[in-house]
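Working notes, beginning with the structure itself.
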Amino acid sequence: MKKYLSFLLILFVLASCGKKEMEPTTFEKSEFLETDNYEGTIDYAQKLAKCFKQVNYEVIGKSGAGRDIPMLIVDENGYTKPEKIHKQGKAIVWVESCIHPGEPNGKDAMFMMIRDMLVNGTNANLLKNISIVFLPVVSPDGLANFSPYNRINQNGPKQMGWRVTAQGLNLNRDFTKLDSPELRALVNIFNQWQPDIFFDTHATDGADYQYVTTYSIEDFGNYDHALSFWLSEAWEKRIVTAMARHDMPVTRYIEFNPWGDPTAALSENSFSAMFSESYAMARNCPGILLETHMLKPYKDRVFSTYYMILETMKIINEDKDGFLEVIAKARQNDLEMKELPINLHPSYQDTLWVDFLGYKFDTIQSDLTGGWYYSYDLTQPETRKVMKFRDDEPQKTLQVPKEYIIPAQYDKVIDIVKAHGFEIEYLKKEKTITANTYRFKNVEFYQMPYEGRSRICRFNTEEISKEMTFPKGSAVVKTSQNGIRLLMNLLEPEMQGSLFEWGFFNTVLQRVEYFEIYKMEPFARQMLVEDPFLQNQFDDWMASFPETEKPSQYAIMNWFYEQSPYFDKNYMIYPIGIVR
Numbered sequence: 123m124k125k126y127l128s129f130l131l132i133l134f135v136l137a138s139c140g141k142k143e144m145e146p147t148t149f150e151k152s153e154f155l156e157t158d159n160y161e162g163t164i165d166y167a168q169k170l171a172k173c174f175k176q177v178n179y180e181v182i183g184k185s186g187a188g189r190d191i192p193m194l195i196v197d198e199n200g201y202t203k204p205e206k207i208h209k210q211g212k213a214i215v216w217v218e219s220c221i222h223p224g225e226p227n228g229k230d231a232m233f234m235m236i237r238d239m240l241v242n243g244t245n246a247n248l249l250k251n252i253s254i255v256f257l258p259v260v261s262p263d264g265l266a267n268f269s270p271y272n273r274i275n276q277n278g279p280k281q282m283g284w285r286v287t288a289q290g291l292n293l294n295r296d297f298t299k300l301d302s303p304e305l306r307a308l309v310n311i312f313n314q315w316q317p318d319i320f321f322d323t324h325a326t327d328g329a330d331y332q333y334v335t336t337y338s339i340e341d342f343g344n345y346d347h348a349l350s351f352w353l354s355e356a357w358e359k360r361i362v363t364a365m366a367r368h369d370m371p372v373t374r375y376i377e378f379n380p381w382g383d384p385t386a387a388l389s390e391n392s393f394s395a396m397f398s399e400s401y402a403m404a405r406n407c408p409g410i411l412l413e414t415h416m417l418k419p420y421k422d423r424v425f426s427t428y429y430m431i432l433e434t435m436k437i438i439n440e441d442k443d444g445f446l447e448v449i450a451k452a453r454q455n456d457l458e459m460k461e462l463p464i465n466l467h468p469s470y471q472d473t474l475w476v477d478f479l480g481y482k483f484d485t486i487q488s489d490l491t492g493g494w495y496y497s498y499d500l501t502q503p504e505t506r507k508v509m510k511f512r513d514d515e516p517q518k519t520l521q522v523p524k525e526y527i528i529p530a531q532y533d534k535v536i537d538i539v540k541a542h543g544f545e546i547e548y549l550k551k552e553k554t555i556t557a558n559t560y561r562f563k564n565v566e567f568y569q570m571p572y573e574g575r576s577r578i579c580r581f582n583t584e585e586i587s588k589e590m591t592f593p594k595g596s597a598v599v600k601t602s603q604n605g606i607r608l609l610m611n612l613l614e615p616e617m618q619g620s621l622f623e624w625g626f627f628n629t630v631l632q633r634v635e636y637f638e639i640y641k642m643e644p645f646a647r648q649m650l651v652e653d654p655f656l657q658n659q660f661d662d663w664m665a666s667f668p669e670t671e672k673p674s675q676y677a678i679m680n681w682f683y684e685q686s687p688y689f690d691k692n693y694m695i696y697p698i699g700i701v702r
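Encoded structure:
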């Protein structure tokens, strides 16, 4: 009997799909107040795939707690292989949602968009030039942690997921280090599909203002110029105009400095590849971060996301070939790149004043805490001039090396580099060469762990040349391949989000052998007798200290110890070889 009922249910679904019908989303049925939990999200994604031959459902991996990570492929011909779709000359649009499952607007927007295209034919013409890769829930465990109490600042939906995974990881900080199975799966699919444009959909905190959606793009000079130019000129100017037609003003991501202070200046920042849209840019794929404003009604946030993605696809569709030429040019530029500016920050030299669509506000003193806070009057919108600063000055510029050599014992680092899709050659036998690397000084750690790691907050480097021995199985990674910015972000210690910064090389920062004063005192004298030049070096070192701050006995003995053959020559030395 159960088998018979199941068979009737399948016939009913197929019959409905045959008439091009598809039930409304939970978002629509709830009068725009709710979103699906994890099970409901999987169910609706699978229904889309069952109803439409243009939609295919795949599982790209498992979450930390063992839940499926779903993906929908939307292609006019029902193709599911990236090679076949690329061969058709189509642009592949990547959209991901619920990397922070408390911010599910992208999921509801894309479910409606896909259904509208295939049921009503609304904008279905876009699928002639575009195929869509949609990840409705990047963090299944976060979405499964479903509750009305997950986002105290946010105006809906009624219930939502949790910001981090079951392992407590924020996936939008994991794009370089790949600690999570979720990002491992995502990057593996990214490698296969090589999308042509990338959307990550979010909701943001901060001050209140009229904009429902803000966006972040990279056009500061540290990512490919062709991509940055397309984003700021071809895309940004047209998306602002298009969204105005929907009565939805948009602007760049809003970050007051200090945070949340509407009287302060705006900061426009470049981000490292540890963040989603910048990771895409480092892979030569235009990356766009969409941040809907938490205080706006959930309905507005979803539809603003819907139209931002839809209007972008229209922009691409108008000149698909020209757009794809930009992507090809960026990938060619990688092979010719000689230097890379890093760690951009504002120079504060040029003052830029911009129109800002805000609300009138009052500053109120709390009778509970005695502190001050802002109260916005949403009945009084205003346009005011606000000062803006941009990240336009690099901390330094790095020269692109010919290759990096990663010692075999750092297998976790090799695994991460390989997982990002880089080609690797392995040494078949031990090899000793003279290579460049870095010596670290003044290393400081953050006091608290971040993303489960002991992270380095500041340090100094000195580039040195030394003889280095690499064992059999060491990884040689040449820079003459696509994605050089990402490779350098992983392996150049000074770049924000580097594997060094995340603590993958912390063992080189620790002393493992020490000396006793009673042994070093006579040994130091013997060193001075045996090396007549050492006395001059010692005198110069002592002279570098002010008279009132002379080093201690231990510090002096430590100086001699560091000059001796007993000192650990790998202490504070970056173990990766850099071949220039």
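Basically my numbering = 1-based index in the sequence shown + 122. Glycine is no exception: its CB is placed at the ideal position from the N, C-alpha and C atoms. Fair warning: this is a prediction, and the values are worked out from it, not measured in the lab.
For Asp513, the three-state secondary structure derived from DSSP is strand. In summary, Pro226 is buried, with 16 or more beta-carbon neighbours lying within 10 Å of its beta-carbon over all protein chains present. Proximity of the region 290–301 to the region 382–392 falls short of the contact definition, fewer than three beta-carbon pairs being nearer than 8 angstroms. A direct Cα-Cα distance of roughly 20 angstroms separates Leu609 from Phe592. Around the beta carbon of Trp475, fewer than 16 other beta carbons lie within 10 angstroms, which makes this residue exposed. Ile214 has its alpha-carbon roughly 27 angstroms from the corresponding atom of Lys421.
Ile164: not part of any beta strand (DSSP E); member of the alpha helix (DSSP H) spanning 160–173, first to last residue.
In the structure shown, Tyr696 adopts coil according to DSSP, grouped into three states. The beta carbons of Gly264 and Gly283 sit closer together than 8 angstroms. In chain order, Val424, Thr427, Tyr428 place their CB closer than 6 angstroms to the CB of Ala231, counting only its own chain and leaving out the 5 sequence neighbours on each side. A distance below 8 angstroms between beta-carbons, with the five flanking residues on each side excluded, links Ser185 to the following residues of its chain, in chain order: Ile191, Ser261, Pro262, Asp263, Thr287, Ala288, Pro303, Glu304. Non-local C-beta neighbours of Lys553 in its own chain, meaning closer than 6 angstroms and more than five positions away in sequence, comprise Phe592, ordered along the chain.
Taking C-beta atoms under 8 angstroms as the contact rule, Ala356 and Ile437 qualify, at a distance of about 7 angstroms. Ranked by Cα distance from Met509, the options Glu390, Glu461, Asn199 are led by Glu390. By DSSP's assignment, Thr556 forms a beta bridge with Glu589. Three or more Cβ pairs drawn from the region 307–323 and the region 198–218 lie within less than 8 angstroms of each other, which places the two stretches in contact. Looking from the CA of Ala167, the closest CA among Met664, Val255, Leu500 belongs to Val255.
Counting only residues of its own chain and dropping the five nearest sequence neighbours on each side, Asp327 has a CB closer than 7 angstroms to the CB of Asn275, Met416. Short of 6 angstroms from the beta carbon of Glu547, and not among the five residues preceding or following it, lie these beta carbons of its own chain, in chain order: Val598.
Classified as exposed, Leu490 has fewer than 16 neighbouring CB atoms from the shown chains inside 10 Å of its CB.
Check the Cα spacing between Arg580 and each of Trp624, Leu613, Gln531: the tightest is with Trp624. Annotation for Ala213: the continuous beta strand (DSSP E) segment containing it runs 213–218. For Trp663, the enclosing alpha helix (DSSP H) starts and ends at 654–665. From the listed residues Pro468, Ile536, Tyr526, Leu479, the smallest Cα separation to Glu515 is found for Pro468. Contact annotation: Ile431 and Met239 have beta-carbon atoms that are not nearer than 8 angstroms. Under the DSSP assignment, His208 falls in the alpha helix (DSSP H) whose first and last residues are 204–209. In the DSSP assignment, Asn178 falls within the beta strand (DSSP E) that extends over 177–184. Listed in chain order, the beta strand (DSSP E) elements of length 3 or more contained wholly in the region 336–405 are 372–374, 387–390.
Distance from the Cα of Asn628 is smallest, within the candidate group Phe660, Tyr693, Gln648, for Tyr693. For the 8 angstroms CB-CB criterion, Thr601 and Lys524 form a contact. In the three-state scheme derived from DSSP, where H, G and I count as helix and E and B as strand, Met144 is classed as coil.
In chain order, Arg405 place their CB closer than 6 angstroms to the CB of Gly605, counting only its own chain and leaving out the 5 sequence neighbours on each side.
Collapsing the DSSP output to three states places Lys551 in coil. Distance between Trp663 and Asp653, taken at the CA atoms: about 16 angstroms.
Within the same chain, and ignoring the five residues on either side of Gln517 in sequence, the residues whose Cβ sits closer than 8 angstroms to its Cβ are Ile464, Asn465, Leu466, His467, Glu616. Ranked by Cα distance from Ser576, the first of Thr202, Glu358, Phe567, Glu635 is Phe567.
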